[in-house]
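Only one structure is covered here, and it is reproduced in the block below.
In full-length UniProt numbering, the protein residues as written are 1 to 571.
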C-alpha cells in the first residue's frame, strides 16, 4: 500500500439526492479493542442535497483535511444547512470545529445528551442547536426528504441518534451494524464474507450494551429500510435482513447468560471507557454477560439494581483534579451499601499525572471486605494494544472466577455413558502459537485433526475464553507445534499453568521465529506454519479451519504425543 493510498475519500451516489463520502484508512486507525483485527476502517458520512442540504455524521479529526476537500468538491460550504450527528466525541469535534467556522450558517442537529457535549466544547456556533427529543421530531429538507429521528442511547454512546429518510428508505445508523474493515467495496455485496468482522465488532462494542441494543433494534424496526447508512465499513444493502436478524440473535444470546457482571464507569476523555470495553470483551467471550453502566448518565436506581442482581461488579474512573468524579463516588457508595460482600469486585481507570481515583476505589472496596478478580488496572493516558490485551485477559480471568465459584456450589454428577464414550476420542498434543504486532500468545491443544488434502489443511478447536482466541481470525497466521511422546511434559507444564493477564507465555521457552512471525518451539517434533481460513461458532469453542503454508519434521525418531481422556466433559 503506497503512502498516498493509506487514506482517501471514496465518493459515490447511494440514493436520490444522496452521496456517501467514505473516509478510508487502510491501516489500523486507533488502539481500541474493536479495531484489533487491524483491517483498517472507514468513517462514513452522507450528504443529502435537496432544497436544503444536510451532512450526516462527519468523520473524526484523523480525516478532517481530506474530508473537507472532498466535501467542498461536491458543494460550496456556504450551501450547507444542517449537520446531523449520530453521536458526539472529542475526535469528531475536531472536524466540527472546522465545519462551523467555514460554514457559520449551519445548524447542528443532535440528541439532548449530544447537545450537552457540544455546549461543553464551546464551538463557535452562530445558530442554536436543533435538539431531537423524541421520534416525533422531523426535519423536512424538501423534495421528499422529510427526515425522521430515533434516539438510540447506549452506555458507551448515550447521545446515540439514528436518522431515517423515508424518501429513499435509508436508515442512517451510525455505530449500529458497522464494522471496522476497509476495502474498495462500498456495499456488502459479499455479505456472508463479512460475518466474522461484524460478529467481532458486535462482541467488542455492542455485547456489553445488549439490553440497550435490543431496545434500539425494536425502535428501529418501525423504519422500513432498504439501506443502512452505517458509520463504519460497507454500506448495508444486500444482507440487510440477515444482519438485522443476527443482531437480534446475538443480543438474545447475551440475555440468556446465567451470570452477569455490572461494569460501572465514567470517562472524561474516552480512555477509561476504552479500558472498560476491553475488560468487557474478555468477560463476554468467556460466556458471562456484561451490563455496562455509564455512571454519568444512569439513574442511581439502575446502579442499585445492577449491584443487587450481578454476580460480580467492576468500577472504573478517571482521575480529575486528584479526585474521582462525583458520579463515581455516588456509584461507589451504592455498591458498598447494596452489593453483597461475597461478590467479586474489580477496579480500573486512566489518569494523566496521578491516579488517586483508582486508589480511592481500591481502598474503599478492600476496606468493605470485597475480594478482587484481578489486580487494579491503572493506565496512564491512552491504552496501547498491549494494555488492551492485558485488560481483555483480566476480564476473562474475572469471568472464569465467577464460573468456577458457581461450579463449586453445584452438586457433582458422575459422567454419563455418552461422556465416557466421547472421552475415548484422542488427539495429537500440540501447542498453537500466534503473534500480531507486540502481542503474542499460545495454548495447548489436543482437538486437532487433518481436514483436507488439497489444499493441505486441518481443524483445531479453540475455547472461546482462550487468550489466543483474538489472534486466530481469518487470514491471520499461526504455528501448530506438534509435541513428541516422552518429550511433551515440559511444554504441557508450561502451557497448562494459569497465566496472569499480560504474562509472557514464552519466558524460559526455547523458540525460533517462523516466517509468518509466530513462534516455533524447539522441543516440538514437527511444526506447521498456517493461515486461518474459516471459523465456525460451535457452542463453547470456535472450530478453526487452517491451511498449511509450510512445515518441517524436527525429530523423525519420536512418535506424536497423544492425549487420552476418561470422559468427554473436560480436557
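All residues carry an ideal CB built from backbone N, CA and C; glycine is no exception.
Ranges of the alpha helix (DSSP H) found wholly within the segment 298 to 325, counting only runs of at least 4: As summarised for the segment 298 to 325, the continuous alpha helix (DSSP H) elements at least 4 residues long and confined to that stretch are 300 to 309, given in chain order.
Of the residues 526, 538, 564, the one placed nearest residue 557, counting alpha carbons only: Looking at the Cα atoms, 526 is the closest of the given residues.
Contact check, residue 114 vs residue 159, beta carbons under 9 Å: Yes. Within cutoff.
Boundaries (first-last residue) of the alpha helix (DSSP H) holding residue 21: Per DSSP, residue 21 lies in no alpha helix (DSSP H); the unbroken beta strand (DSSP E) holding it starts and ends at 18 to 25.
Endpoints, the beta strand (DSSP E) within which residue 84 is located: From DSSP, the beta strand (DSSP E) with residue 84 extends over 82 to 84.
Inter-stretch contact at 8 Å, needing at least 3 Cβ pairs: the segment 288 to 301 / the segment 116 to 124: No contact exists between the segment 288 to 301 and the segment 116 to 124.
Residue environment, residue 157, which counts as buried when at least 16 other CB atoms sit within 10 Å: That one is buried.
Where residue 70 falls, given that 16 or more other Cβ within 10 Å makes a residue buried: Residue burial annotation: residue 70 is buried, with at least 16 other C-beta atoms found within 10 angstroms of its C-beta.
Same chain, Cβ closer than 6 Å to residue 143, five either side skipped, listed in chain order: 50, 51.
Cα-Cα separation, residue 237 to residue 44: If you take the alpha carbons of residue 237 and residue 44, they lie about 15 Å apart.
Helix, strand or coil at residue 98 according to DSSP, with G and I counted as helix: Residue state, collapsed to three classes: helix.
DSSP beta-bridge partners of residue 482: According to DSSP, which records beta bridges pairwise, residue 482 is partnered with 430, 526.
Beta-carbon spacing of residue 271, residue 149 below 9 Å: In this structure, residue 271 keeps its C-beta atom at 9 Å or more from the C-beta atom of residue 149.
Where residue 282 falls: helix, strand or coil (DSSP): In the structure shown, residue 282 sits in a helix (DSSP, three-state: H, G or I).
Enclosing alpha helix (DSSP H) for residue 73 [first to last residue]: Annotation: residue 73 is outside any alpha helix (DSSP H) and is labelled neither H nor E by DSSP.
Closest residue to residue 131 among 111, 124, 139, 146 (Cα-Cα distance): Comparing alpha carbon positions, the residue from 111, 124, 139, 146 closest to residue 131 is 111.
CA-to-CA distance, residue 187 to residue 81, given in whole angstroms: Between residue 81 and residue 187, the C-alpha separation is close to 28 Å.
Pair within 9 Å by beta-carbon distance, residue 84 and residue 139: Against a cut-off of 9 Å, the Cβ pair of residue 139 and residue 84 comes out as a contact.
Distance CB(residue 506)-CB(residue 480) smaller than 9 Å: No; because the gap between Cβ atoms is not below 9 Å, this pair is not in contact.
Pairwise C-alpha distance: residue 428 and residue 346: One Cα belongs to residue 346, the other to residue 428, and the distance between them is close to 38 Å.
Beta-ladder partner(s) of residue 8, from DSSP: Residue 8 is bridged by DSSP to 24.
Under the three-state DSSP convention, the category residue 149 falls into: Reduced to three states, the DSSP call for residue 149 is strand.
Proximal residues to residue 435 (C-beta, below 6 Å), its chain only, five neighbours per side dropped: So the list reads 517, 518, once near-sequence residues are dropped.
Which of helix, strand or coil DSSP assigns to residue 372: If DSSP states are grouped into helix, strand and coil, residue 372 belongs with the strands.
Rounded distance between the beta-carbons of residue 344 and residue 402, thought under 8 Å: Cβ atoms of residue 402 and residue 344 come within 8 Å of each other, at about 6 Å.
For residue 437, the nearest candidate out of 386, 475, 482 (CA to CA): Closest option to residue 437, Cα to Cα, is 386.
Cβ neighbour criterion (16 or more within 10 Å) applied to residue 522: Exposed is the label assigned to residue 522, since fewer than 16 other Cβ atoms lie within 10 Å of its Cβ.
Within 9 Å, strictly: CB atoms of residue 217 and residue 406: Going by C-beta atoms, residue 217 is not nearer than 9 Å to residue 406.
Which listed residue (294, 363, 482) has its alpha carbon closest to that of residue 492: Out of 294, 363, 482, 482 has the C-alpha closest to the C-alpha of residue 492.
Through-space distance from residue 567 to residue 417, alpha-carbon basis: Cα-Cα distance, rounded: 9 Å.
Exposure label - residue 443; buried when at least 16 CB within 10 Å: Taking all protein chains shown into account, residue 443 has 16 or more neighbouring C-beta atoms within 10 Å of its C-beta and is therefore buried.
Contact under 9 Å by Cβ, residue 286 with residue 313: Going by C-beta atoms, residue 286 is not nearer than 9 Å to residue 313.
Runs of alpha helix (DSSP H) lying entirely within the segment 167 to 227, each at least 4 residues, in chain order: Within the segment 167 to 227, the complete alpha helix (DSSP H) runs of at least 4 residues are 195 to 201, 210 to 220.
Alpha-carbon to alpha-carbon, residue 86 and residue 315: When only Cα atoms are considered, residue 315 and residue 86 end up about 27 Å apart.
Status (buried if at least 16 other CB within 10 Å, exposed otherwise) for residue 234: With 16 or more Cβ atoms within 10 Å of its Cβ, residue 234 is classed as buried.
Three-state secondary structure assigned by DSSP to residue 119: Residue 119 sits in a helix when the DSSP states are folded into three classes.
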